[in-house]
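See below:
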């Protein structure tokens, strides 16, 4: 979904159009989920955060300025929601670090490999480019860094993931 379409849907949502909100959710929730998951690394927490993101979008739609980057506005809400969730989670994580893992927990799926292999910036760049379809220059604007940095981090991320996948024999 293009920014212009998201912008139009946000305008309709601001007028109380629930069908537009449903369309926005159906068209963007997969990408928002992946973005939130890149922070939280937990499926259930990411689902909860996803719902919170869309509640915040609906409640704050009047703060959105028409014509700005609609997708970036939504992803900023998603990022803030995920970071708030991580702040809440810190004390709980300290309690569970001493629990030993069994053999079945050592099996990793592709998202685990991505999360363990890539740092936060690299994951964001991959999510923006692969799932959301942003160009490197657009990602650079969102992350406020040079386009060359985004391009090199993206290429490095792909190499890291290829190596990790080979090692995991997936």
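Residue numbers (our numbering): 1025 to 1194.
Glycine included, every Cβ here is placed at the ideal spot set by N, Cα and C.
Bear in mind the structure is a predicted one, so any value in this text is a computation, not a measurement.
Given a threshold of 16 other Cβ atoms within 10 Å of its Cβ, counted over all protein chains shown, does residue 1031 qualify as buried or as exposed?
Looking up residue 1031 in the chain shown gives position 7. Its Cβ being crowded by 16 or more others within 10 Å, residue 1031 is buried.
Helix, strand or coil at residue 1088 according to DSSP, with G and I counted as helix:
As a working note, residue 1088 is residue 64 in the chain shown. Reduced to three states, the DSSP call for residue 1088 is coil.
Cβ of residue 1061 within 7 angstroms of any heavy atom in the ligand GTP?
The ligand GTP is not part of the structure shown, which contains no ligands of any sort.
Same chain only: Cβ atoms within 6 angstroms of residue 1150, ignoring 5 sequence neighbours per side
Start at 1 with the first residue of the chain shown, and residue 1150 comes out as number 126. These residues qualify, in order along the chain: 1181.
Does DSSP classify residue 1159 as helix, strand or coil?
By one-based count along the chain shown, residue 1159 stands at place 135. Three-state DSSP puts residue 1159 in coil, outside helix and strand.
If you drop the 5 nearest sequence neighbours on each side, which residues of the same chain put their C-beta closer than 8 angstroms to that of residue 1098?
By 1-based counting over the chain shown, the position of residue 1098 is 74. Within the same chain, residue 1098 has close Cβ partners 1030, 1052, 1056, 1077 and 1081.
State buried or exposed for residue 1039, treating a residue as buried only when at least 16 other CB atoms are found within 10 Å of its CB.
Translated into positions along the chain shown, residue 1039 becomes position 15. By the Cβ-count criterion, residue 1039 is exposed, with fewer than 16 other Cβ atoms from all chains shown falling within 10 Å of its own Cβ.
Helix or strand or just coil, what does DSSP make of residue 1068?
Counting from 1 along the chain shown, the entry for residue 1068 is found at position 44. Three-state result, residue 1068: helix.
Evaluate residue 1067 with the Cβ neighbour count: other Cβ atoms within 10 Å of its Cβ, from every protein chain shown; 16 or more gives buried, anything less gives exposed.
Walking along the chain shown from the start, residue 1067 turns up at place 43. Residue 1067 should be labelled exposed.
Own chain, CB closer than 7 angstroms to residue 1045, minus 5 neighbours either side, in chain order:
In the chain shown, residue 1045 corresponds to position 21, counting from 1. 1037 and 1082.
Would you kindly work out how many angstroms separate the C-alpha atoms of residue 1075 and residue 1061, rounded to a whole number?
Counting from 1 along the chain shown, the entry for residue 1075 is found at position 51. Counting from 1 along the chain shown, the entry for residue 1061 is found at position 37. Residue 1075 and residue 1061 have their C-alpha atoms some 13 angstroms from each other.
So, at 6 angstroms on beta carbons, what are the nonlocal neighbours of residue 1188 in its own chain, with the 5 sequence-adjacent residues on each side left out?
For the purposes of this step, residue 1188 is identified with residue 164 of the chain shown, where counting begins at 1. For residue 1188, same chain residues with a beta-carbon under 6 angstroms away, outside a window of 5 residues either side, are 1137 and 1141 in chain order.
By Cβ distance, which residues of its chain are closer than 7 angstroms to residue 1117, with the 5 residues on each side in sequence left out?
On the chain shown, position 93 is the one that residue 1117 refers to. Because residue 1117 carries a pLDDT of 47, less than 50, the predicted location of this residue cannot be relied on, and the following value inherits that uncertainty. Cβ contact annotation for residue 1117 (same chain, cutoff 7 angstroms, sequence separation greater than five): none.
Quick check: what's the CA-CA separation for residue 1110 versus residue 1028?
Numbered from its first residue, the chain shown carries residue 1110 at position 86. Numbered from its first residue, the chain shown carries residue 1028 at position 4. The alpha-carbon of residue 1110 is positioned some 31 angstroms away from that of residue 1028.
Helix, strand or coil for residue 1129? Go by DSSP, reduced to three states.
Your numbering for residue 1129 matches position 105 in the chain shown. Here the model assigns residue 1129 a pLDDT of 44, short of 50, so the residue's position is not dependable and the matter cannot be decided.
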